[in-house]
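**Q** Positions 1 to 359 (UniProt numbering) are the ones given, in order, by the sequence shown. C-beta: ideal position from N, C-alpha, C; glycine also. Being a predicted model, the structure only gives us computed values, none of them experimental. Have a look at this one.
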Amino acid sequence: MAKIYYASRTAPVNIAKDLRTLTTASCSEGFERDELWLNGQPHSLDTPRTQQCLRDLRKHREELEAQDGSLPKLSKMHLHIVSENNFPTAAGLASSAAGFAALISAVAKLYELPQSASDLSKIARKGSGSACRSLFGGYVAWEMGELENGEDSKAVEVAPLSHWPDMKACILVVSDDKKDVPSTSGMQLTVKTSSLFQHRVEKVVPQRFEEMKKSIREKNFPLFAELTMKDSNSFHATCLDSYPPIFYLNDTSKKIIKLINLLNESAGKIIAAYTFDAGPNAVIYYEQKNESRVLGLLHALFKSVDGWQKIDPETLTPPSIELDPTWGSGVSRVILTEVGAGPQDSDEVLINVETGLPK
Numbered sequence: 001m002a003k004i005y006y007a008s009r010t011a012p013v014n015i016a017k018d019l020r021t022l023t024t025a026s027c028s029e030g031f032e033r034d035e036l037w038l039n040g041q042p043h044s045l046d047t048p049r050t051q052q053c054l055r056d057l058r059k060h061r062e063e064l065e066a067q068d069g070s071l072p073k074l075s076k077m078h079l080h081i082v083s084e085n086n087f088p089t090a091a092g093l094a095s096s097a098a099g100f101a102a103l104i105s106a107v108a109k110l111y112e113l114p115q116s117a118s119d120l121s122k123i124a125r126k127g128s129g130s131a132c133r134s135l136f137g138g139y140v141a142w143e144m145g146e147l148e149n150g151e152d153s154k155a156v157e158v159a160p161l162s163h164w165p166d167m168k169a170c171i172l173v174v175s176d177d178k179k180d181v182p183s184t185s186g187m188q189l190t191v192k193t194s195s196l197f198q199h200r201v202e203k204v205v206p207q208r209f210e211e212m213k214k215s216i217r218e219k220n221f222p223l224f225a226e227l228t229m230k231d232s233n234s235f236h237a238t239c240l241d242s243y244p245p246i247f248y249l250n251d252t253s254k255k256i257i258k259l260i261n262l263l264n265e266s267a268g269k270i271i272a273a274y275t276f277d278a279g280p281n282a283v284i285y286y287e288q289k290n291e292s293r294v295l296g297l298l299h300a301l302f303k304s305v306d307g308w309q310k311i312d313p314e315t316l317t318p319p320s321i322e323l324d325p326t327w328g329s330g331v332s333r334v335i336l337t338e339v340g341a342g343p344q345d346s347d348e349v350l351i352n353v354e355t356g357l358p359k
């Protein structure tokens, strides 16, 4: 067997350090073709988005090899990539973001590329838009850029993790099932058919983008929370305005929205924010100082599901609002987490370095 070169990286989803994808990338003259294994199952690397990412990474490696003839010609070798998620794939938990971020990061490490995280985010964006943000830790903005072809669209750091470390998140997993409408095809339909979409792009998002960065820099949670919830509502309004309409939220999602509004009303101020991506699963943001009250309410309703191991129920504040007992159904898992630190080197290797196959 020819020599196998390999590197492992772990990357979080945009919102959480506990949700991550671990990826080992390897290459060898003995490999016959590019191959990918995800969660133990073979998957195709022949999708246009994945191929574009690999072409860009190989191009950067070729440039290094052209500058230094002593470097091994890794760009000419086929890749074997093994990846594992610790959360559901294609269920609205940004698995594609973490997956592409880990893939880009692992191959870049394998190739010893000098490009910055922002430069690599331009490549990751071609695989999954949200993946560009997962190449950073802390608080990250995805900038549209000015070129029509999008080549200058990239992620930039708004603030490091250390800037606002007491931001917490509780993820309510409503469904582990694969989405009926994938994120990419859903967005294509919305762009094509929604009359609200253009208004959102031209008026709503630019202003909200700047306000959100301001709220993070000032650690203004009420403003952050209000913007987060309004933007989630706006996003799903454009989904409903698509033709035919796209329903990412279900009845449980709607109950969670009502629940958070009731919590904030009872507190007399905004202490929690909900947001939903392209799926029914909820992310609830709150600050450490309000954890007892926020989790006290959520635990009262969803204490029977897995995920509460990190907290002592005795430390939680019982809810002060009257709860409808039927609201306690529909959530299958709770994930307690916080803002992550971005891709990290990993000592765990998923590939058998003797055979080039998954362990």
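Are L64 and L54 close, meaning C-beta to C-beta below 8 Å?
**A** Not in contact: L64 and L54 (Cβ atoms no closer than 8 Å).
**Q** By alpha-carbon positions, which one of R9, I311 and Y5 ends up nearest to G30?
**A** For the residues R9, I311 and Y5, the minimum Cα distance to G30 belongs to Y5.
**Q** So is L357 buried or exposed if we call it buried at 16+ other beta carbons inside 10 Å?
**A** Burial call: exposed.
**Q** Beta-carbon within less than 8 Å of G296's beta-carbon, same chain only, minus the 5 sequence neighbours each way: which residues are those?
**A** Excluding sequence neighbours, G296 sits near L316, T317, P318 and P319.
**Q** One question on the structure: do L259 and W308 come within less than 8 Å of each other, judged by their Cβ atoms?
**A** No.
**Q** Going by alpha carbons, who is nearest to D241 out of P206, L57, S195 and A159?
**A** For D241, the nearest C-alpha among the options comes from S195.
**Q** So is T355 buried or exposed if we call it buried at 16+ other beta carbons inside 10 Å?
**A** By the 10 Å Cβ count, T355 comes out exposed.
**Q** Under 8 Å between the Cβ atoms of S121 and S96?
**A** No. Outside cutoff.
**Q** Which one or two residues does DSSP pair with L36 in a beta bridge?
**A** Bridge partners of L36: H43 and I81.
**Q** Among the candidates L172, F136 and G145, whose CA atom is the shortest distance from the CA of P160?
**A** The residue with the shortest Cα to Cα distance from P160 is F136.
**Q** What is the rounded straight-line gap between the Cα of H60 and the Cα of L113?
**A** Looking at the two C-alpha atoms, the distance is approximately 7 Å.
**Q** Determine the direct distance from the alpha carbon of T184 to that of H236, and round the result to whole angstroms.
**A** Spanning the two alpha carbons is a distance of roughly 15 Å.
**Q** State the Cα-Cα distance for the pair R33 and V294, rounded to the nearest angstrom.
**A** Their Cα atoms are separated by approximately 50 Å.
**Q** Which residues does DSSP list as the beta-bridge partners of M212?
**A** DSSP lists no partner for M212.
**Q** Can you give me the C-alpha to C-alpha distance between V205 and D231, rounded to a whole angstrom?
**A** Those two C-alpha atoms are separated by around 8 Å.
**Q** Look at R200 and S253 and say whether their C-beta atoms are less than 8 Å apart.
**A** No, they are not a contact pair.
**Q** Quick check: H80 and S26, are their CB atoms within less than 8 Å of each other?
**A** The answer is yes: Cβ separation under 8 Å.
**Q** Over the uninterrupted alpha helix (DSSP H) stretch that includes V283, give me the two end residues.
**A** Looking at the DSSP string, V283 is not in any alpha helix (DSSP H); the run it does join, the beta strand (DSSP E), is A282 to E287.
**Q** Any idea if Y139 is buried or exposed, counting beta-carbon neighbours within 10 angstroms, 16 or more meaning buried?
**A** Y139 is buried by the Cβ-count criterion.
**Q** When the Cα of V353 is compared with those of T21, S28, D152 and R20, which residue comes out closest?
**A** Minimum Cα distance to V353 is reached at S28.
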